[in-house]
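FYI, in the working numbering the residues of the sequence shown are 8 to 399.
Ideal Cβ positions, reconstructed from N, Cα and C, are used throughout, including at glycine.
Report on one structure; see the data block that follows.
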Amino acid sequence: LISVLFSRGLTKNLHRLTESAQRIGKGDLSTKIEVHSRDEVQTLALTFNQMIDALKESREAIERHNRELEQKVAERTQELREKNLAIEEIQDKLVKSAQLAAAGEVAGRTAHEVLNPLTAIVGRMERVDQYVNNQEASPAEQFLDILTAWETDYQKGGMKKLVEALATPSKVLKNASLFEEDLTNLKQLALYWMQQQEQLGGDIHFVKDQAGRIQRIVDGMRELVRSSTMKDEVPCHAAIGEAVLTLQDIVEKAGVKLQTQLEAERDGAHLNRDELIQILTNLIRNAFQALKQNNIQNAFIRVETHNEDNQLFIDIIDNGKGIAPAQKEKIFEQGFTTKPPAEGTGLGLSIARRYARAFGGDVILAYSAPNDGTCFRVIVPLLDTPALSKAS
8 LISVLFSRGL
18 TKNLHRLTES
28 AQRIGKGDLS
38 TKIEVHSRDE
48 VQTLALTFNQ
58 MIDALKESRE
68 AIERHNRELE
78 QKVAERTQEL
88 REKNLAIEEI
98 QDKLVKSAQL
108 AAAGEVAGRT
118 AHEVLNPLTA
128 IVGRMERVDQ
138 YVNNQEASPA
148 EQFLDILTAW
158 ETDYQKGGMK
168 KLVEALATPS
178 KVLKNASLFE
188 EDLTNLKQLA
198 LYWMQQQEQL
208 GGDIHFVKDQ
218 AGRIQRIVDG
228 MRELVRSSTM
238 KDEVPCHAAI
248 GEAVLTLQDI
258 VEKAGVKLQT
268 QLEAERDGAH
278 LNRDELIQIL
288 TNLIRNAFQA
298 LKQNNIQNAF
308 IRVETHNEDN
318 QLFIDIIDNG
328 KGIAPAQKEK
338 IFEQGFTTKP
348 PAEGTGLGLS
358 IARRYARAFG
368 GDVILAYSAP
378 NDGTCFRVIV
388 PLLDTPALSK
398 AS
């Protein structure tokens with residue numbers, strides 16, 4: 008670039024000298040000044056002609072040099088164009104790599120968060136399966152036995168035979184007829200079916216709620232990059248109850264007590280309800296897996312709440328073996344886990360903390376001591392309103 012500028016400046020200066028010479032000589036550099044005299048004018052003319060020849064040679068040399076420079080500039084421009092294209096390709100690859108990395112993180116978070124409601128659904132369906140398929144004599148079979156006995160008696164002798172059979176003394180109930188026994192059994196079956204229908208209705212509602220949570224988790228991950236999470240005024244005690252209910256089946260089936268002690272007078276917060284539930288289920292699930300992994304006797308998990316200043320503290324406490332001192336600094340790092348690969352991804356605590364900090368709160372390790380249990384604390388900033396709900 009300096010050479011080009013220098014050349015252009017030199018060319019302009021030469022052009023100015025040429026124009027001056029043309030004005031003086033009334034011609035161009037191809038014209039010779041012919042003076043046929045032997046005095047100083049001829050000498051001046053010869054000198055001037057020599058100057059014109061020298062200028063002409065210089066101009067030709069400069070023009071040749073300019074052509075060479077233009078060729079070099081064109082070559083360098085092509086090289087820069089090719090390098091720019093290569094840089095653009097690299098940038099595209101970096102963008103795609105970043106997108107893939109983001110997609111991988113979102114997929115990992117989605118899979119981890121879906122695990123809690125999915126585990127709750129499986130646990131509840133196992134309970135449904137137990138009382139549907141694991142009975143020696145199902146209520147339907149008992150009902151069918153009564154109807155079959157009535158049908159047999161009726162076929163033997165019509166209505167008269169059926170009435171006589173029903174009037175015979177019961178072998179099960181004292182001072183009662185077979186009809187009274189059958190009537191008692193039918194009433195019990197009806198009550199049982201009503202209870203089962205109510206239980207099944209509750210189980211179906213529970214499964215639908217958990218499926219809805221999965222749907223909201225997936226939808227939330229889809230919108231993760233494009234928009235902020237929707238927040239609302241949430242009664243945190245109610246959210247705690249839902250989180251406990253989500254994992255209660257699977258936890259208590261393993262012999263671990265899951266308790267609540269909600270003593271906070273104020274629990275109203277502005278946050279996303281599903282994300283708070285996800286924070287709590289992650290922490291409860293971590294505690295449960297640690298207790299199960301270490302075969303803790305009389306194991307329990309207790310969720311407590313209390314207020315401090317304008318905050319709600321939600322403590323998830325267990326009576327496990329505690330966290331090793333060397334691991335305390337790493338537990339919130341994404342990907343760090345002490346669980347087997349089939350049980351842990353190392354995302355639970357990092358996701359929980361990220362969600363909490365998004366609504367102005369935090370998740371911290373309140374305490375953990377060898378053989379003295381662990382307490383994780385969820386810090387929630389409160390609304391300046393009375394409690395939206397109160398549980399005990």
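Which residue comes first and which comes last in the beta strand (DSSP E) that contains residue i?
i, result
"ALA373", "369-375"
"LYS281", "For the record, residue 281 in the displayed sequence is Asp; it is not Lys. Where ASP281 is concerned, there is no enclosing beta strand (DSSP E), although the alpha helix (DSSP H) it sits in stretches over 280-300."
"THR381", "381-388"
"GLU315", "307-315"
"GLN431", "Outside the shown range of the chain, which is 8 to 399, sits residue 431, and nothing can be said about it."
Nearest to residue i by CA position, among the options, is which residue?
i, options, result
"LEU185", "TRP157, ALA331, GLU205", "TRP157"
"LEU290", "PHE339, ASN279, ASN317, LEU269", "PHE339"
"ASP274", "GLN318, PRO377, LEU265", "GLN318"
"THR312", "GLU270, LYS299, LEU283, ASP325", "GLU270"
"LEU390", "ASN305, GLU272, VAL310", "GLU272"
"PHE383", "ALA306, ASN305, ILE286, GLY367", "ILE286"
"ILE221", "VAL310, GLU315, GLU64, ILE128", "ILE128"
"PRO124", "MET58, ALA183, ASP281, GLU89", "ASP281"
"ASP152", "VAL170, VAL121, ASN192", "ASN192"
"ALA250", "VAL310, ASP60, GLY262, GLN300", "VAL310"
"ALA376", "GLY329, LYS79, SER357, ARG364", "GLY329"
"LYS178", "GLU188, GLU171, VAL135, LEU169", "GLU188"
Could you give the residue range of the alpha helix (DSSP H) that holds residue i?
i, result
"THR267", "Not the alpha helix (DSSP H): THR267 falls in the beta strand (DSSP E), residues 264-269."
"ASP256", "243-260"
"ALA333", "332-335"
Using a 10 Å radius around the Cβ and a threshold of 16 neighbouring Cβ atoms, would you call residue i buried or exposed?
i, result
"HIS43", "Residue placement at HIS43 cannot be trusted, given a pLDDT of 49 that sits under 50; what the coordinates show is reported in the next sentence. Classification for HIS43: exposed."
"ALA105", "Because the pLDDT of ALA105 is 46, which lies under 50, any placement of that residue in the model is unreliable, and the question is left without a value."
"TYR199", "exposed"
"ARG74", "exposed"
"GLN296", "buried"
"THR381", "buried"
"GLN217", "buried"
"VAL263", "buried"
"THR288", "buried"
"ALA61", "exposed"
Give the DSSP-derived three-state secondary structure of residue i in the structure shown.
i, result
"GLU240", "strand"
"GLY164", "helix"
"GLN106", "The pLDDT assigned to GLN106 is 49, lower than 50, so where the model puts this residue is not dependable; a value taken from the coordinates is nonetheless given after this. Of the three classes helix, strand and coil, the one that applies to GLN106 here is helix, per DSSP."
"ALA61", "helix"
"GLY275", "strand"
"SER184", "strand"
Comparing the C-beta of residue i with each C-beta of chain B, is any distance below 8 Å?
i, result
"ALA261", "Looking at the structure shown, chain B is missing, and only one protein chain is on hand."
Quiz item: Just checking, does the region 206-214 make contact with the region 148-163 on the three C-beta pairs under 8 Å criterion?
Solution: no
Quiz item: Given 8 Å as the limit, is there contact between the region 369-377 and the region 244-260, that is, 3 or more CB pairs closer than that?
Solution: no
Practice problem: Check whether the region 326-338 touches the region 253-268, taking contact to mean three or more Cβ pairs, one atom from each stretch, closer than 8 Å. | Solution: Between the region 326-338 and the region 253-268 there are fewer than three C-beta pairs closer than 8 Å, too few to call the two in contact.
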